[in-house]
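Chains as they are written, first to last, in my numbering: chain A, 1 to 231; chain B, 232 to 462; chain C, 463 to 766; chain D, 767 to 1070.
Glycine residues also receive a C-beta, built at the ideal position from the N, C-alpha and C atoms.
Being a predicted model, the structure only gives us computed values, none of them experimental.
Contents: one structure, followed by commentary.
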Amino acid sequence: MIELEGVAHRYGAATALDGIDLDVGAGEFVVLGGPSGAGKSTLLRVMAGLVRPTAGRVVVSGQDLARERRAAPWLRQRIGLLFQELALLEDRSAIDNVRLPLDIAGVPGRTARERASAALARVDLAGRERLRPAQFSGGERQRLALARAIVHGPALLLADEPTARMDAASALAVFELLHAQCGAGATVLIASHDPTTIDDVRVRHVRLERGRIVEDRAATCPARVARPAEA
Amino acid sequence: MIELEGVAHRYGAATALDGIDLDVGAGEFVVLGGPSGAGKSTLLRVMAGLVRPTAGRVVVSGQDLARERRAAPWLRQRIGLLFQELALLEDRSAIDNVRLPLDIAGVPGRTARERASAALARVDLAGRERLRPAQFSGGERQRLALARAIVHGPALLLADEPTARMDAASALAVFELLHAQCGAGATVLIASHDPTTIDDVRVRHVRLERGRIVEDRAATCPARVARPAEA
Amino acid sequence: MRRWLAHRRLAITTAARRAARAPLSLLAQALIIGMAVALPLLLHLTVQNVGRAAGQSGADPRITLFLAAGSDAPAAQAIADRLAAHPAVASHRHVPRDEALAELRERHGLPDLADLLPGNPLPDAFSVRARDLDPAALESLRAEAAAWPGVAEALLDSAWARQLQAALAFARALAIGLSALLALVLVASAFAVCALQAARDREEIAVSRLLGASPAFVRRPFVYLALAVGAAGGTLALGLAALCLRAADVPLRALVVLYGGEFSLAGPTPLEAAAVVGGCALLAALGSWLAASAHLRRADRAAA
Amino acid sequence: MRRWLAHRRLAITTAARRAARAPLSLLAQALIIGMAVALPLLLHLTVQNVGRAAGQSGADPRITLFLAAGSDAPAAQAIADRLAAHPAVASHRHVPRDEALAELRERHGLPDLADLLPGNPLPDAFSVRARDLDPAALESLRAEAAAWPGVAEALLDSAWARQLQAALAFARALAIGLSALLALVLVASAFAVCALQAARDREEIAVSRLLGASPAFVRRPFVYLALAVGAAGGTLALGLAALCLRAADVPLRALVVLYGGEFSLAGPTPLEAAAVVGGCALLAALGSWLAASAHLRRADRAAA
Ligand SMILES: Nc1ncnc2c1ncn2[C@@H]1O[C@H](COP(=O)(O)OP(=O)(O)OP(=O)(O)O)[C@@H](O)[C@H]1O
Ligand SMILES: Nc1ncnc2c1ncn2[C@@H]1O[C@H](COP(=O)(O)OP(=O)(O)OP(=O)(O)O)[C@@H](O)[C@H]1O
Ligand SMILES: [Mg+2]
Ligand SMILES: [Mg+2]
């Protein structure tokens, strides 16, 4: 699904990524850990084709992203993105936020509405379709953004700190949702500080420090096989 | 410093706060805990005079906030605010973000610049004055917002999830900074899911659930006295 | 096809939502366009109306041939035949000396002065309308006719007609110049407004792009909105022009009657009206397209 | 005082930063203002120039007294004395019969026709300028003079002068009407633009308010920016008008010379120029103040 080879990225003088080699297979669940400023968000952005690395090769779904200025729309539309700052549109209603990827893909209005409602229900926000993001609490906003990331059933889900605004219980619920996505065939990559993920045996744990991979611990119990038994 | 009596707040049909009685003395350090949607952010907003409760009495620094539509400017300028979503201005440089409270108070340009630089240095972001918030990582953005909250030396600091975007080490550094503020005479109230705060003996812990206070555990070792020994 | 339709329908919805969010601002914008367009439109209509009225009252340049004093009927007939045969002459009319005096009295504003004259000092005359109204062509025809036997004097038309023609020509040129200027102003105005709208909606644009939206997807609602505002502005201009025409009818009528014309103001033709509304809409759309594209280019550069 | 100064200085810095962020948009806005203002300004200047030229060339309404045929010098002197003593007469001039013919020839566009006339059929005349140019007053003076002994005929001025006066009056009224309309348009335009700017900067406004900024603090940069853009627009209008005047000099000169006048176009006086620039700046500032206030009211309501 994703192949990184010697990927480096410099913002001006600052080095955010420094020679990353990483292969992620289809259907894997990877958690990127590491201290603040380690380069987690930058790495996710590189994989989404939002940032072109200053060096190295990035192949996602067979498309070489380092070559192109921006990922081709068809690829962009197959990726689900959850940004660290959420990037919710404050002057649109919740459902209009969630249906945005469907609108971009040209899904007809009725279908888009129905699928967006279903996604909101999956993150436990059913019945709040017409509210604005500002009318949600911090944790609810994060779930709203997550609904937008999964609404179009992406083959690759890139989520930056999906549980940052949450207490332990909500965080667990979100992890189960991500596992379900993974079980349904999606490849999932998240950046997270959340200590609960570290003990999760179903995920592959990649630890970044100063732009380098310092640890890569495989899942002891692969998600796809394990899911029905563990969840 | 803060007296709440029977404070309730309803957003339409939803009840966010449901009869809160709370007294916070000057110089106290209070952590508001509780699950997502418990009403922590709403309570902080009420104390800042940003939300007028639907019932109850709110007195901050002797001013009755429930009466007035918005807190008087002089009070607003004595409070330091860190919002859950940070509320950074993306098209201003870091230093221009940080000096905003000084600009509003009418501090002359030179002095404002110097004090803003000093605040940035306190959150370990010295030398990055001219960058935009988008050029900071998640944890750095949070520290940037914190610098803005403390730049004018507020008597009351209200911080919503000041460590949400941080790993444990950075979070600890931020807590020490808040303790230092408290030691310098400020009253500090934060909302936080961070488990590290729960074990901190220097803080008073107030736990909210469904808009009610379900636990109020005093600091076993008051901040002002303990600080030099513990930090 | 379904996708194509869904995209267009969505753009309309988005444009409508944005319009609903800032209706006052859009109204003011349409008003400005309307007022700006009304000016050259009015000028154009006025020129056309006055020109038509002048044409009806014979205010287009003419050549007057005065026959030699004491010419008889056969001599006049000879001149008439020559005029009828001449290729440069559109039409001609015999003006008996009595009629010439009456005309001098009325058209040249010397009513009772004629009474002062001892008898009628004027000879018979011919009023000649040339095919080609170009000053040089007129002058060459005048010079030629002046040399004909039996013609005492050949004069280009009286000053007032030349004055009116000069004024009309100037106004026509002004209307064209103003229209060209206006087209530029419309595009620039739509550009400025759409640039601000795009800046206002920069997050929506940025997020849509992050999620894979094409530039056209982003541009579409802006262009649709500009089309609507431009068309509204054009319609407002037509309404304003109609109002002004009605208000100006009385003074203009007085003015033109002074020149001896019949007068009744006509509004724009349906074709002209359609051109005004369509033109405004298209120019506004062009401006907004340019602004949205510029915003996208800049945003993409910043994001890369 | 330090605080007061710091706040103003900051507002200027903020306005400058915003201007630097969208220079094209502001330029377009100044251009639009300039073009919109240039139109009535030009009309006003043209009317003034033409009016002045007409005044110099004696194109203000006059009464012509034709003496009875064969009047002698004492009769003419009697009329002259009467005119000098009359309170409604501003000035008068004796026109000998030869001069009257020459004038008819030149001013009424009948040059060579005069040659056709047997001798000079015109009597001596007086050209009288009235103090009060009101049509009714003119007519009553004319009627009175017509009854004087030795006066054969008293005529109000020839048609062309009345035509010019009517046209000038109409143009003057149009210039005033357009200026009033324009003031409205300027305010509306500044309102629309500032509303969009406030929407663009809604986060900055909201965060400033959250941190304790007063409405005046928020409004100030918008108003300062509008002042600058309005002044720039007014200056542009002056430049445009000067350009157009230079371009129009030749055709206008031709037009006015047709009426027998001397002509040289004058631009706006320093006072007029200052009024244009200052007026534009103030109207723009008013519009932006209103828009910023409306935005603040709405935002405060939403936040509460
Ligand atoms: N646009 C940018 N311009 C300049 N420097 C940047 C930019 N974005 C990130 N950086 C820097 O690159 C480094 C890595 O940033 P990144 O956002 O990838 O970190 P992170 O691992 O996501 O951290 P966090 O956990 O705090 O979100 C940081 O030092 C940051 O300051
Ligand atoms: N502006 C609003 N309009 C309507 N409902 C709101 C609004 N703000 C908050 N709420 C609701 O009020 C409740 C409390 O919200 P609040 O933001 O105070 O929670 P919180 O304790 O801060 O949660 P979190 O930890 O997720 O930030 C939630 O159920 C939320 O959905
Ligand atoms: Mg990050
Ligand atoms: Mg909260």
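Within its own chain, the residues whose Cβ lies closer than 7 Å to the Cβ of Gly265 (chain B), once the five positions on either side in sequence are excluded, are Lys271, Arg438, Leu439 and Glu440, listed in chain order. Residue ranges of uninterrupted alpha helix (DSSP H) with 4 or more members, entirely inside the region 808-860 of chain D and ordered along the chain, are 839-851. Under the DSSP assignment, Phe175 (chain A) falls in the alpha helix (DSSP H) whose first and last residues are Ala168 to Gly183. Checking the DSSP bridge columns, you'll see Gly264 (chain B) partnered with B:Arg438. Legend: CB atoms of the region 380-391 of chain B lying less than 7 Å from CB atoms of chain D are not found in any residue. Under the criterion of beta carbons closer than 8 Å, Ile829 (chain D) and Ala896 (chain D) qualify as touching, at roughly 7 Å.
Between His193 (chain A) and chain B, the shortest Cβ-Cβ separation is below 9 Å. Rounded to the nearest angstrom, the Cβ distance from Ser857 (chain D) to Gly916 (chain D) is 20 Å, too far for a contact under 8 Å. Put simply, of D:Leu940, D:Arg975 and D:Leu950 the residue whose alpha carbon is nearest the alpha carbon of Ala336 (chain B) is D:Arg975. When 9 Å is used as the limit between beta carbons, Gln659 (chain C) is near these residues of chain D: Leu962, Ala965 and Arg966, in chain order. Checking the 8 Å criterion, the Cβ of Glu90 (chain A) is out of range of every heavy atom belonging to ligand 4. Taking a C-beta distance under 9 Å as the contact criterion, Gly1005 (chain D) and Val1043 (chain D) do not qualify as a contact pair. Residues of the region 332-355 of chain B with a Cβ closer than 7 Å to any Cβ of chain D, in chain order: Pro332, Asp334, Ile335, Gly337, Val338, Pro339 and Gly340.
Contact between the region 988-1002 of chain D and the region 339-357 of chain B is absent: fewer than 3 CB-CB pairs across the two stretches fall below 8 Å. Using a Cβ-Cβ distance cut-off of 8 Å, the region 365-373 of chain B and the region 792-809 of chain D are not in contact, since fewer than three pairs of beta carbons, one from each stretch, lie closer than that value. Here Ala794 (chain D) is near Ala657 (chain C), since their CB atoms are less than 9 Å apart. Note on the region 328-385 of chain B: there is no whole beta strand (DSSP E) run with a minimum of 3 residues.
In the DSSP annotation of this structure, Glu734 (chain C) is not part of any beta strand (DSSP E); the continuous alpha helix (DSSP H) holding it starts and ends at Pro732 to Ala765. Within the model, the alpha-carbon separation for Leu22 (chain A) versus Leu790 (chain D) is close to 46 Å. Listed along chain C are Leu673 and Gly674, each with a C-beta nearer than 8 Å to that of Gln77 (chain A). In the three-state reduction of the DSSP assignment, Gln315 (chain B) falls in the coil class, being assigned neither a helical nor a strand state. Between Gln366 (chain B) and chain A, the shortest Cβ-Cβ separation is below 9 Å. Interface criterion not met: the Cβ of Arg10 (chain A) is under 9 Å from no Cβ in chain B. The Cβ atoms of Ile79 (chain A) and Leu158 (chain A) sit closer than 9 Å to each other.
Approximately 5 Å separates the beta-carbon atoms of Leu807 (chain D) and Ala1007 (chain D); this is inside 8 Å, confirming the contact.
A direct Cα-to-Cα measurement between Leu86 (chain A) and Ser641 (chain C) gives close to 49 Å.
Chain order gives no chain A residues near His757 (chain C), where near means a beta carbon separation below 8 Å; the closest approach is about 16 Å. Contact check for Ala422 (chain B) against Leu263 (chain B) passes: the beta carbons are separated by less than 9 Å.
In the displayed model, Asp594 (chain C) falls within coil according to three-state DSSP, outside both helix and strand. Relative to ligand 2, the nearest heavy atom lies less than 8 Å away from the CB of Leu274 (chain B).
Using a Cβ-Cβ cut-off of 8 Å, Met166 (chain A) is close to Ser267 and His424 of chain B, given in chain order. For Leu43 (chain A), no chain C residue has a Cβ inside 7 Å of its Cβ, as the nearest lies near 16 Å away. Here Ala781 (chain D) has Pro987, Tyr990 and Leu991 as same chain residues with Cβ atoms under 6 Å from its own Cβ, once five neighbours each way along the sequence are excluded. Exposed is the label assigned to Leu1009 (chain D), since fewer than 16 other Cβ atoms lie within 10 Å of its Cβ.
Rounded to the nearest whole angstrom, the CA to CA distance from Gly442 (chain B) to Arg276 (chain B) is 14 Å. Here Ala699 (chain C) is buried, its C-beta having at least 16 other C-beta atoms within 10 Å.
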